[in-house]
Amino acid sequence: MSRISKRRQDQPWQRVGLGSSGRRPSSHSRRPFFRRKNLCSLTLFSAISLLFLWVVVLPYDSTLRLAVRWNLLQLRASSRPSESWVFSSRPAFEVDLARDVLVILKTGYGTRHRVPAWLEALRDGNEFADLLVIADYEGQGRGEEGDFEFKWEEEVGKGKRTLQVHDMVKRSLEHKSLRGKERHGRVDKYKRLSEAIRGGDEERATKLSREFGWELDALKFISGLEFAYDRFPRKKWYLLVDDDTFVVQPSLKPFLSHLDPEETHYLGNAVGDFKARFAHGGSAVVLSQATMQSLIVDNSKALSTWYLEGLDEVWGDRLLARALIKIGIYLDETYCHLFNGEPPRYSKIRADRICSPILSFHTLPSPAKMLDVGEHFRNISRPVFWLDLWEIYGVVPPWRQTEEEATQKDWDHVGEPDEATLTVKNVKNAEECRKHCDRRARACLAWTWDSDTRDCHVSSWMIVGGKASGKVSGINLKRARHLESSCLLY
Numbered sequence: 001m002s003r004i005s006k007r008r009q010d011q012p013w014q015r016v017g018l019g020s021s022g023r024r025p026s027s028h029s030r031r032p033f034f035r036r037k038n039l040c041s042l043t044l045f046s047a048i049s050l051l052f053l054w055v056v057v058l059p060y061d062s063t064l065r066l067a068v069r070w071n072l073l074q075l076r077a078s079s080r081p082s083e084s085w086v087f088s089s090r091p092a093f094e095v096d097l098a099r100d101v102l103v104i105l106k107t108g109y110g111t112r113h114r115v116p117a118w119l120e121a122l123r124d125g126n127e128f129a130d131l132l133v134i135a136d137y138e139g140q141g142r143g144e145e146g147d148f149e150f151k152w153e154e155e156v157g158k159g160k161r162t163l164q165v166h167d168m169v170k171r172s173l174e175h176k177s178l179r180g181k182e183r184h185g186r187v188d189k190y191k192r193l194s195e196a197i198r199g200g201d202e203e204r205a206t207k208l209s210r211e212f213g214w215e216l217d218a219l220k221f222i223s224g225l226e227f228a229y230d231r232f233p234r235k236k237w238y239l240l241v242d243d244d245t246f247v248v249q250p251s252l253k254p255f256l257s258h259l260d261p262e263e264t265h266y267l268g269n270a271v272g273d274f275k276a277r278f279a280h281g282g283s284a285v286v287l288s289q290a291t292m293q294s295l296i297v298d299n300s301k302a303l304s305t306w307y308l309e310g311l312d313e314v315w316g317d318r319l320l321a322r323a324l325i326k327i328g329i330y331l332d333e334t335y336c337h338l339f340n341g342e343p344p345r346y347s348k349i350r351a352d353r354i355c356s357p358i359l360s361f362h363t364l365p366s367p368a369k370m371l372d373v374g375e376h377f378r379n380i381s382r383p384v385f386w387l388d389l390w391e392i393y394g395v396v397p398p399w400r401q402t403e404e405e406a407t408q409k410d411w412d413h414v415g416e417p418d419e420a421t422l423t424v425k426n427v428k429n430a431e432e433c434r435k436h437c438d439r440r441a442r443a444c445l446a447w448t449w450d451s452d453t454r455d456c457h458v459s460s461w462m463i464v465g466g467k468a469s470g471k472v473s474g475i476n477l478k479r480a481r482h483l484e485s486s487c488l489l490y
């Protein structure tokens, strides 16, 4: 036998491509790379699918489901759909504010003096025709002798009627789900208020209302919406507002005209944590016909739970959100930047909304403040945008100012500092404060220096503002001009 044949017999496992190591291959062949990669992808896909199915089958108000939803919303937060609907001459869903919208105005005994001013602020050009006033007391007016006079305009002419105040707290407490709760603290408070009103003791009734009226407010939401739907079951949209909220009708109309009322919509200014994101009641809440149908009719038995929960819930607007979440209707945060919880001069104009329409103003507690807003906005016939607030209040917009004009003495473009405001202590002058804004030019929109405290406040928003003795304030002109240049003109 030759040497070569002998070597081959001594190394029977040697094969082409195995080299000359002579090592015997394992009994399991090595899996090719692409097969391992496919297996990993399949495993990952299966895990995600199982997680998705798990989340889907969980209750609508499950903490895990809400957490997943919240995180998905954060991923989408940087993008926003087009708002070209505000310019559309052919809306997808025609809306007549007089015919298709019911306004539910929420007030209380201690704030009832706001209602005449609320109605007066709408005066010229008001298109709302159907309005319910709900409160924690029953109005005295009946028929033609109502509690308030309400006027409106529509295409066919003007209208006028009187409005009666409806006691929704009483309606809640009379609900069958609250039987046996007569000794609950809120029931007792309502009885004390009612006794003072019936006894004609206005001073005591007003004092009690201001003391705990906010607690009774939570009992108006579910009963008020059920009452409204019973009275007006065919409205396309239901608008819930406070008596210190002003609604910009020329902005509201095109907004509603691009949404389908036959789909579930719950809209407003988002507040709260991920467990119960809710529409801030003061900024106005919008509910579609489909949402009201689902809440009041399709899930009528579940309403008993929310009547009962109203006895202990702090905020009625959060109670409403919890009721809607339970049936799978979540707050649509796509449009939350259109709703506003501040008065016009102090509304925080941020980079993400300067070119957007604005639908509401809030915190107008005195009749004088409400009437002032009505005076500025009632005759405006086109949609109002956030950047319009400057000119509406007779202030030169910052993008049209010079560097010198952009710095104003005895003025404030930041407003009341909060946790989102950067405050730098011991800043020697206004120029140094401006430099703090310049160093943060990508985020800063306004700055204010307080000569008394030497505090420098830097904010990512700007407000029209007003007189502020001892303060010097300015705008980041370069950034403001850049933001304004991206806005479409109406």
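Position one of the sequence shown corresponds to residue 1 (the UniProt record's numbering), numbered consecutively onward.
Glycine included, each C-beta is placed from N, C-alpha and C at the ideal position.
When rounded, the separation of the alpha-carbon atoms in S347 and E226 is 33 Å. Looking at the DSSP output, H166 bridges to I134. DSSP places A446 in the uninterrupted beta strand (DSSP E) bounded by A446 to D450.
Nearest to A290 by C-alpha distance, out of K301, L259 and A351, is L259.
Between the alpha carbons of D230 and D312 lies a gap of roughly 25 Å. Secondary structure at D244: coil, using DSSP grouped into helix, strand and coil. Around the beta-carbon of N126, 16 or more other beta-carbon atoms lie within 10 Å, marking it buried. For the pair of segments examined, the region 295-306 was found not to touch the region 236-246: the number of CB pairs separated by less than 8 Å stays below three. Apart from sequence neighbours up to five positions away, the residues of its chain that approach R479 with a beta-carbon distance below 8 Å are A351, A441, R442, C444 and L445, ordered along the chain.
Rounded to the nearest whole angstrom, the C-alpha separation of K207 and T162 is 27 Å. Bounds of any beta strand (DSSP E) do not take in D312, whose DSSP letter is neither H nor E. With 16 or more other CB atoms across the displayed protein chains lying within 10 angstroms of its CB, P343 is buried. Boundaries cannot be given for D260, as no beta strand (DSSP E) includes it and DSSP labels it neither H nor E. Spanning the alpha carbons of A92 and S356 requires a straight line of approximately 19 Å.
Residue state for R171 is assigned as helix, using DSSP reduced to three classes. Buried is the label assigned to Y109, since at least 16 other Cβ atoms lie within 10 Å of its Cβ. S288 is bridged by DSSP to W237.
The beta carbon of P250 lies closer than 8 Å to those of I380, S381, R382, P383 and V384 in the same chain, with the five residues before and after it left out. Per DSSP, L58 lies in no alpha helix (DSSP H) segment and is marked neither H nor E. Ranked by Cα distance from C437, the options W461, P261 and S194 are led by W461. For I475, no alpha helix (DSSP H) encloses it; the enclosing beta strand (DSSP E) starts and ends at G466 to I475.
With contacts defined as CB atoms closer than 8 Å, W237 and D100 qualify as a contacting pair. By the Cβ test, the region 361-379 is not in contact with the region 303-319, since fewer than three Cβ pairs between them sit closer than 8 Å. DSSP, read as helix, strand or coil, puts T111 in helix.
Pairing G474 with H413 gives a Cβ-Cβ distance under 8 Å. The region 201-220 makes no contact with the region 328-345; the number of CB pairs closer than 8 Å stays below 3. Cβ neighbours of C487 within its own chain (closer than 6 Å, five residues either side excluded): C355. Pairwise C-beta distances place the region 133-141 in contact with the region 162-176, as three or more of them are shorter than 8 Å. Annotated as distal: L477 and P417, with beta-carbon spacing of 8 Å or more. L331 places its beta carbon less than 8 Å from that of A270.
With at least 16 other beta carbons inside 10 angstroms of its own, H457 counts as buried. Non-local C-beta neighbours of L131 in its own chain, meaning closer than 7 Å and more than five positions away in sequence, comprise V103, L105, F150 and L163, ordered along the chain. In the DSSP assignment, L422 falls within the unbroken beta strand (DSSP E) covering L422 to V424. CA-CA distance, E432 to G341, rounds to 32 Å. In this structure, the alpha-carbon of H482 lies about 32 Å from that of G282.
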